[in-house]
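Participant:
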Amino acid sequence: MYEYRPKIVYGLIIVNVVIWLFINLTLRTQAALSSFLLTFGVVPIFIVNGQNLLSLLSYMFVHVDFLHILLNMLALFLFGRDVEEYLGAKKFIAVYLFSGILAAIFHVFY
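Quick note, the numbering used here runs 154 ahead of the 1-based positions in the sequence shown.
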């Protein structure tokens with residue numbers, strides 16, 4: 155049995171699922187969903203213009219469809235537990251957030 159309890163991984167999964175439920179239960183119109191995605195998703199032109207920089211962080215928690223959240227959370231569960239155990243909780247969350255922000259920056263400028 156798995157002895158280490160990866161609190162950060164479990165917490166991230168819970169936060170992501172709660173946000174996914176919020177998106178899918180409350181944003182019932184295309185206009186509402188589009189507005190949400192423009193605010194919390196990474197829109198390259200906004201970032202290039204220095205606008206909505208918080209989206210470099212918030213996009214990591216936005217999943218629109220079921221398959222997207224399922225596969226991302228499965229990968230986080232399967233791989234994140236070992237990485238968190240190896241690095242420790244503080245380093246793991248730092249690596250997680252840094253990697254996500256770096257991925258967004260590459261998306262914007264690539």
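All C-beta atoms, glycine included, are put in the ideal place defined by N, C-alpha and C.
Should Leu187 and Val218 be called a contact, given that it needs their Cβ atoms to be closer than 9 Å?
Facilitator: Yes, these two residues count as a Cβ contact at 9 Å.
Participant: Using only alpha-carbon positions, find the residue among Phe220, Phe233 and Leu192 that is nearest to Leu207.
Facilitator: Of the candidates Phe220, Phe233 and Leu192, the one whose C-alpha sits nearest the C-alpha of Leu207 is Leu192.
Participant: Could you spell out where the alpha helix (DSSP H) holding Val237 opens and where it closes?
Facilitator: Run containing Val237: Phe220 to Leu241, per the alpha helix (DSSP H) assignment.
Participant: Between the alpha carbons of Phe233 and Ile162, how many angstroms are there, rounded?
Facilitator: Whole-angstrom Cα-Cα distance: 13 Å.
Participant: For Phe263, which option in Val216, Pro198, Gln205 and Ile223 has the closest C-alpha, if you only look at C-alpha atoms?
Facilitator: Residue Pro198 is the option with its Cα nearest to Phe263.
Participant: Flag Gln184 as yes when its Cβ comes closer than 8 Å to any non-hydrogen atom of the ligand FAD, and as no otherwise.
Facilitator: Absent from the structure shown: the ligand FAD. Ligands present: none.
Participant: What first and last residue would you give for the alpha helix (DSSP H) that runs through Thr193?
Facilitator: That run of the alpha helix (DSSP H) goes Gln184 to Phe194.
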